[in-house]
Amino acid sequence: MPIEIQSDVTTFLHFNFPLCTLLWNKNIYPWMNEHFIQLYTMMHNTGVCWVDMLEKDYFYEDVSDIIDMSSEHMKDVSDIVKFVIDNINNNYYSTIYTNEYYLPGRAAYHKYTHIHQTLLYGYDLDKEVFFGLGYDGRQRFVEAEYPFEIFREAYEKGKAEYDNDFCWVKMHTAYLNRVFDLKEPYQARIEIFLKKLNEYIYAIPDESLLRKDVVIEMGKNAKYGMQVYESILDNLKKLLKGEFKHDYRTFHLLAEHKRGMLKKIEYFMSKNGLEQNIGIYLKEYQNIVKGFENARLIYLRAELVDNNYETIIGQLKNKEAIQKVYDIVNFNSDKEYQILCNIYKCFASI
Numbered sequence: 007m008p009i010e011i012q013s014d015v016t017t018f019l020h021f022n023f024p025l026c027t028l029l030w031n032k033n034i035y036p037w038m039n040e041h042f043i044q045l046y047t048m049m050h051n052t053g054v055c056w057v058d059m060l061e062k063d064y065f066y067e068d069v070s071d072i073i074d075m076s077s078e079h080m081k082d083v084s085d086i087v088k089f090v091i092d093n094i095n096n097n098y099y100s101t102i103y104t105n106e107y108y109l110p111g112r113a114a115y116h117k118y119t120h121i122h123q124t125l126l127y128g129y130d131l132d133k134e135v136f137f138g139l140g141y142d143g144r145q146r147f148v149e150a151e152y153p154f155e156i157f158r159e160a161y162e163k164g165k166a167e168y169d170n171d172f173c174w175v176k177m178h179t180a181y182l183n184r185v186f187d188l189k190e191p192y193q194a195r196i197e198i199f200l201k202k203l204n205e206y207i208y209a210i211p212d213e214s215l216l217r218k219d220v221v222i223e224m225g226k227n228a229k230y231g232m233q234v235y236e237s238i239l240d241n242l243k244k245l246l247k248g249e250f251k252h253d254y255r256t257f258h259l260l261a262e263h264k265r266g267m268l269k270k271i272e273y274f275m276s277k278n279g280l281e282q283n284i285g286i287y288l289k290e291y292q293n294i295v296k297g298f299e300n301a302r303l304i305y306l307r308a309e310l311v312d313n314n315y316e317t318i319i320g321q322l323k324n325k326e327a328i329q330k331v332y333d334i335v336n337f338n339s340d341k342e343y344q345i346l347c348n349i350y351k352c353f354a355s356i
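Quick note: to get the numbering used here, add 6 to the position in the sequence shown (first position is 1).
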């Protein structure tokens, strides 16, 4: 089946994998302008600051059929290989938790147990392999082939570890989705964009959108929208003192969020003929995008050095780099608030 290694939202697989199954259809792409606008943060029980985009569990249900199978539901699956093949034959992508210790090419292969998702989108009966997506040993997101029997072992061995892992592994052991065949470009609605933009600017909470598995793991004590930066900056101060409060993913996500926001503003500006009204603010927002991208690169480079180029989710200890990231986030989050307030007023006036 078609697949797209997209680059819009990549930080976490719960968004990345579904988008890879959707965005090969360019008629679906405008749908992105209604999504990935609001942010939230809370403290993970490991003590690390968790930052993510706020979307409901089945955020793509308006462009795809979705079947969510827990480990309890999967007990009825006696042959995982046949299960995946049958679903692909019915045009369903399969995203399944396995133990990456048994998957060649993964960073965990024959090193340590790691229960993680793999997306499967095709197979070859002659070669007896699945075609899928996942992270390789260098943390690159790549296409790969998984022999049937190796995938079977990774799945079966993974099941034995479900009880020892995060709750979302058992709650969402397998996601199946079949993409709607949109014949015309999706018509993104400015009223949805403006509602979410308003919630982001003014930090309006919505507990109903917190994913159920996140609530189980971390509770509901979240900060939303522009208040996210207060938490990020507070935890950067703690990082300066040697406390492990952030890893690279926070700043990767923030950079992705700014790039996405710029695209959304450009889309609705063009669609509504507001180039003269919003053009000046758009240029200002481009500087926000550059600022957060700079913070991402500083954090990434320093974290790689501090962790011997072995991981991007270790602890950053380089105080000079931490201070630079702090200053960039502090300055640009304040500027972003001012710019988005002006942009919102322009859009709301039409």
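Beta carbons: idealized from backbone N, C-alpha and C, even for Gly. All figures in this text were calculated on a predicted structure; none of them were measured in a lab.
Taking 8 angstroms as the cut-off, does the segment 72-83 touch the segment 171-188 (at least 3 CB pairs, one atom from each stretch)? Inter-segment contact for the segment 171-188 and the segment 72-83 is present: three or more beta-carbon pairs are separated by less than 8 angstroms.
Please classify Pro24: is it buried, with 16 or more other beta-carbons within 10 angstroms of its beta-carbon, or exposed? With a 10 Å radius around the Cβ and a threshold of 16 neighbouring Cβ atoms, Pro24 comes out buried.
Apart from the five residues on each side of it in sequence, which residues of its chain come closer than 6 angstroms, Cβ to Cβ, to Ala209? Around Ala209: Tyr230, Gly231, Met232 and Gln233.
Go through the segment 191-228 residue by residue and report every complete run of the alpha helix (DSSP H) that reaches 4 residues or more, in order. Listed in chain order, the alpha helix (DSSP H) runs fully inside the segment 191-228 are 196-207 and 218-224, counting runs of at least 4 residues.
Express the C-alpha separation of His20 and Leu126 in angstroms, rounding to a whole number. Cα to Cα, the separation comes out at about 14 angstroms.
Apart from the five residues just before and just after Lys226, which ones in its own chain have a Cβ nearer than 7 angstroms to its Cβ? Hits under 7 angstroms: Glu213 and Leu216.
What's the gap between the Cα of Asp169 and the Cα of Glu272? Distance between the alpha carbons of Asp169 and Glu272: 46 angstroms.
Inspect the beta-carbon positions of Asn97 and Arg158 and report whether they are closer than 8 angstroms. No, Cβ-Cβ distance for Asn97 and Arg158 is not below 8 angstroms.
Reducing DSSP to helix, strand and coil, say where Ser100 ends up. DSSP places Ser100 in strand when its eight states are reduced to three.
Let me know if His252 comes out buried or exposed under the rule of 16 or more other beta-carbons within 10 Å of its beta-carbon. The residue in question, His252, is buried, as its Cβ has 16 or more Cβ neighbours within 10 Å.
Reduced DSSP secondary structure (H/G/I, E/B, other) of Thr47: Three-state DSSP puts Thr47 in a strand.
Per DSSP, which one or two residues make a beta bridge with Tyr129? According to DSSP, Tyr129 bridges with Phe136.
Using beta-carbon positions only, say whether Leu303 and Tyr254 come within less than 8 angstroms of one another. Their beta carbons are not under 8 angstroms apart, which means Leu303 does not touch Tyr254 by this criterion.
Flag this pair as yes or no: are the beta carbons of Tyr103 and Gln123 separated by less than 8 angstroms? Cβ distance < 8 angstroms, so Tyr103 and Gln123 count as in contact.
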